[in-house]
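In what follows, a structure is listed as structure tokens, so that the remarks can point back to it.
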């Protein structure tokens, strides 16, 4: 179907709630199964799949919708050949309450110019510059880890990656001072605001703090855009300020702000999650920690260059397996525009759909011993991730596939190179940790780690 024929009236339609013809279980009034999903995501999805099949009705965060798993179903939804699955309306009552006009929360012809805006910012020339910009920031932060006697990885790496994002995306050196503190707190508040069950700006409430955080960020970047337009900087914001649309015009100020605010949230939180799990699994499986370290030592230099990235074979295997076990975005969302059939079920128009890549990543029809950490499954001789085109989808798929996925790989490899050269590390707690899945997946304890500096 041509994008020109799509009737935009679906943006004004209310969610369809009539799903009683589809097997499933809504759960508690209003909140449904939201609370168990926050800490037991896999168990909730697994229970629905085993009792009701690949498509089942459920209630999450006050919305009735469908929980969908399975490679064929995801292929239908993400490739979306009939232009029937709206990302904008899928996130209308969740992500879009904080980030309404972004590259992720836009559909069809509205989505294309937003991807165009990022065109220069994620090309090879820009990426080559980014890795050079981030290396000194990583070095400074990683060396400071040794000063913390009770080291917990999550807050340390979150601060590190916020510094990286400030430098690479915005062109600001180390965040310090009162304004930096307010900016960092605004990111925390906006992330926590996404978890608010009551999405109204009640004074003192989590949602209002989140919206206030977004407003602060928008004002902060609005001032910077005036400085960057026409400049020759190599940070992402400068690229966005100087990119032009198909008619040769600069993108307007508010559109740039929409994208850079979302990029800072999405990129630094998702990579924080990925590195938390890389360090957790290599702390638990020290043979893989040693393989990464030996790979780093063989290179014989303290920093990775852009041309070194593809040579980090073992680091890449660990990265991919860590994202298989715990993808940084565990649930994605869409809403149907017209009636359709998914997994043999008639699905009405305006039905919210929740997609759980984390479950596909552990389905036995795609993976051998899926609950076992086994990076070799991604090696050329096995390639289990190719058992189905949507068996493995840590960066989504289709038109909305993450535009920054190569940046995430680059940051993770550059960080692990320096971290493994600077420290031997081990987990301070045994057993499987309790998991938090939202606003980003991580072990609840933040991954306490014992560090032993290497000479």
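In the working numbering, the protein residues as written are 2 to 456.
Think of the CB as a built atom: it goes at the ideal place given N, C-alpha and C, for glycine as much as any other residue.
Three-state secondary structure (DSSP) of residue i
i	result
residue 150	coil
residue 7	coil
residue 1	The requested residue 1 is not part of the displayed model; the chain covers only 2 to 456.
residue 441	coil
residue 368	coil
residue 388	coil
residue 436	strand
residue 342	strand
residue 332	coil
residue 405	coil
residue 25	strand
residue 301	coil
residue 49	helix
residue 92	coil
residue 15	coil
residue 383	coil
residue 38	helix
residue 97	helix
residue 418	helix
residue 2	Interpretation of residue 2 is limited by its pLDDT of 44, a score under 50 that renders its predicted location unreliable; no figure is taken from the coordinates.
residue 1	Outside the modelled stretch of the chain, which goes from 2 to 456, sits residue 1, for which no answer is possible.
residue 431	coil
Straight-line Cα distance separating residue j from residue i
i	j	result
residue 9	residue 255	22 Å
residue 93	residue 199	14 Å
residue 57	residue 356	11 Å
residue 167	residue 174	7 Å
residue 453	residue 370	33 Å
residue 432	residue 323	17 Å
residue 1	residue 448	Within the shown structure, residues of the chain are numbered from 2 to 456, placing residue 1 beyond reach of any answer.
residue 61	residue 298	48 Å
residue 379	residue 386	7 Å
residue 325	residue 304	27 Å
residue 3	residue 115	Reliability fails at residue 3, whose pLDDT of 43 lies under 50, so the model's placement of it is uncertain and no value is given.
residue 5	residue 273	For residue 5, the pLDDT reaches just 49, beneath the cut-off of 50, and the residue's location in the model is therefore unreliable, leaving the point undetermined.
residue 342	residue 365	25 Å
residue 265	residue 249	26 Å
residue 307	residue 128	8 Å
residue 1	residue 354	No answer is possible for residue 1: it lies beyond the span of the chain, which begins at 2 and ends at 456.
residue 202	residue 367	44 Å
residue 42	residue 119	33 Å
residue 377	residue 383	7 Å
residue 187	residue 310	32 Å
residue 145	residue 161	10 Å
residue 373	residue 360	14 Å
Unbroken beta strand (DSSP E) run spanning residue i, endpoints
i	result
residue 346	346-348
residue 64	64-69
residue 354	353-356
Sheet register partners of residue i (DSSP bridge)
i	result
residue 86	337
residue 183	According to DSSP, which records beta bridges pairwise, residue 183 is partnered with nothing at all.
residue 375	The partner list for residue 375 (beta bridge, DSSP) is empty, contrary to what the question assumes.
residue 61	33 and 64
residue 251	245
residue 56	69
Extent of the continuous alpha helix (DSSP H) run through residue i
i	result
residue 257	254-285
residue 427	From DSSP, residue 427 is part of no alpha helix (DSSP H) but of the beta strand (DSSP E) over 424-428.
residue 145	125-145
residue 75	72-80
residue 227	207-229
residue 196	Counting along the chain, residue 196 falls outside any alpha helix (DSSP H), and DSSP gives it neither H nor E.
residue 316	314-326
residue 203	Looking at the DSSP string, residue 203 is not in any alpha helix (DSSP H), and its letter there is neither H nor E.
residue 113	109-118
Exposure of residue i, with buried meaning 16 or more beta-carbon neighbours within 10 Å
i	result
residue 420	buried
residue 312	exposed
residue 67	buried
residue 155	buried
residue 269	buried
residue 333	buried
residue 414	buried
residue 147	exposed
residue 331	buried
residue 262	buried
residue 44	exposed
Cβ-heavy atom distance, residue i to the ligand MN, below 7 Å
i	result
residue 149	Ligands in the displayed structure: none, and consequently the ligand MN is not present.
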